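What follows is a short report on a single structure.
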Amino acid sequence: MFEKFKKEKIKKTEKKPKKDKKKRTKKGGSAIISINRVTENSFVFFENEISVYEEKLKNKEFFITYIQNKDILSASIEINRVTPEHEVADAIIIKAYEDLALDPNDDYKITYIESPNSSGDSRFYNVFVVNNTLLRQNLSYIAENTKYIDYVALTPFLMSGLYSRSLLSPTEIDCFVYLQHDDAFLVIYQNGEYFESRPIRYNLKFIYDKFCELAGERVDEKELYRKLSDGSIYLEDSKKLDYIIQIFDDMFFYLGDLLNSISKINGIKINNFYFSSDIGAISGIDAFVEERLGFKYKAFDFSIALNQKNTEGLTQLDILMMLLAQDYLINKDDDYNYSPFLRPPPLAQRPSGKLISLSALAFVAAMAYPSYQYAVGYQNQKLTEEKQIEFNEKDKRRSEISAKLADLEAKKEQKDKEIAAQSEYLNKRSELLSAMHDKKVNYPMKSKAIYDISNLINKQEGTLYKIYNSDQNLTFTIRTDTEKKMTELLDDISKTRGYSVNTELIVLDENNQTVAYESNVSVKMR
């Protein structure tokens, strides 16, 4: 089905689940469709069975795919703890643009998680950035055929389904390493929560190229992967076996250095190590994990379906997508859903649906009043014809109605005045909100300005005595030991982006027992 998304001939698999046709006629529940853009396979998970997705089902379909780790920009960002809570999001976004050199003209989705190792005066956030424009381009050929993509996950977050669906206990620190053809990554979870992730260079293509380089010849790539998976690579001649051992030795020394660094920096101890790839488990890897890394090896092979072992082309990432989809269908949490092709809400919940409902009610109300008037007029005509004697009473009634109409007209004029006044008030509020938005977006945070200036003063071994706050200006009273330090300090401040400096003069203060140079520095935040 995945190749059908590319408008090519559907790739038929040799093994088909026997109950596939039966499943397509069942009703109730959602069928989860995992779309693996790397292996170009898509599978259906329904009623504890997995099958190849080849045609549209009668059941409600839930489509899920993922963003490769190499397409995710990530960073650890430090935010001063004194930053007000309502400014944290803006501060993280500003730092993300600076640290990751993001293009202001591009459209990005930025999400973040506070790191559990935040302490002291700083808070640390794991920040993830995805280019929305590129994401739409990469997924558009899928959406053309499925119409909607219900969930797009970040690869490091796929493992969360193992804990939410109780396949792993959220009481230890687990490390996951996964190799794809053109990507590879390492993810650490602590107590069932995302902790840290890193890209690694040893993807399947890298291993293949390295093997060919050592062997001095090109070998069949798929055949090499097959031998790595079934263990027949270890039956090759001694030279080829030495090449594989050398590659795996290098890879696990590299992983060991990386994990030691993470463990020391964060003060953690990894309990379990899971390793897998798009070609499945690699035979013999457990020995490298336990001997080179000293970790307890765990099989990265989670089973959720009765016929899972018989499904050709199924990877553990497909299983993780299905688990995450199950959790989403229960909790409906879109905080880390990156899909640009979500289904619209039900008609009654859309603005257009609400407008249609209101229009229908207005139409009924509008038709009811003329109908009522027609009936009353007809009745009055009959009464006038039959009972001329009641003319005076009817005339009196007419006068009353005229008075009421006049009263309604007066009320209408009053309402028009109130609406005009309210419109004027709303316009003023709109101008005020625009001004507030301009302040928030374009006006740098004063707490950050004080933090930056204080660092520059400390750099020149100066002393800050006073701070005056006036609108967009902050005035600092500063003393230094020498005029040179004062001059260098002023030059440093003027070169800092976002600030302009104004100082009247530098005064030699001899009133104290020690000689010091003092200056009032006015910093304007541009």
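For the sequence shown, our numbering assigns the number 3 to the initial residue and increments by one for each residue that follows. We treat Cβ as the ideally placed atom computed from N, Cα and C, and that holds for glycine. None of these values were measured; they are calculated from a predicted model.
Boundaries of the alpha helix (DSSP H) harbouring S265: S240 to N268, taken from the DSSP string. Counting along the chain, E314 sits inside no alpha helix (DSSP H), nor does DSSP assign it H or E at all. In the structure shown, A98 falls within a helical segment according to DSSP collapsed to helix, strand and coil.
Taking 8 Å as the cut-off, the Cβ atoms of D101 and A77 count as close.
Approximately 44 Å separates the beta-carbon atoms of E433 and R481; this is outside 8 Å, ruling out the contact. For L216, the enclosing alpha helix (DSSP H) starts and ends at L206 to A217. For the stretch 62-87, the continuous beta strand (DSSP E) assignments of 3+ residues that do not extend past its boundaries occur at 62-69 and 75-82, in sequence order. Between the stretch 286-302 and the stretch 140-148, the count of C-beta pairs closer than 8 Å stays below three; the two stretches do not touch. Annotation for A186: the continuous beta strand (DSSP E) segment containing it runs A186 to Q192.
When secondary structure is reduced to three states using DSSP, R400 falls in the helix class.
For the pair of segments examined, the stretch 146-156 was found to touch the stretch 318-335: the number of CB pairs separated by less than 8 Å reaches three. In the displayed model, F343 falls within coil according to three-state DSSP, outside both helix and strand.
Among the bridge pairs identified by DSSP, N133 is matched with Y110.
Apart from the 5 residues on each side of it in sequence, F250 sits with its Cβ closer than 6 Å to the Cβ of F290 in its chain, given in chain order. Per the coordinates, the alpha-carbon of V90 lies some 12 Å from the alpha-carbon of S124.
Contact between the stretch 155-162 and the stretch 240-259 is absent: fewer than three C-beta pairs spanning the two stretches fall below 8 Å. Between the alpha carbons of N82 and V525 lies a gap of roughly 21 Å.
For S121, the closest alpha carbon among the candidates V84, D92 and N134 is that of V84. Here I455 has F478, I495 and V525 as same chain residues with Cβ atoms under 7 Å from its own Cβ, once five neighbours each way along the sequence are excluded. The C-alpha of E87 is placed about 46 Å away from the C-alpha of I281. Under the three-state reduction of DSSP, D336 is assigned to coil, being neither helix nor strand. Residue pairing for I37: DSSP places it in a beta bridge opposite S44. For the 8 Å CB-CB criterion, A327 and E51 do not form a contact.
Between G315 and T41, the C-beta gap is smaller than 8 Å, which places the two residues in contact. Short of 8 Å from the beta carbon of E426, and not among the five residues preceding or following it, lies no beta carbon of its own chain. According to DSSP, residue pairing for R125 in a beta bridge involves I81.
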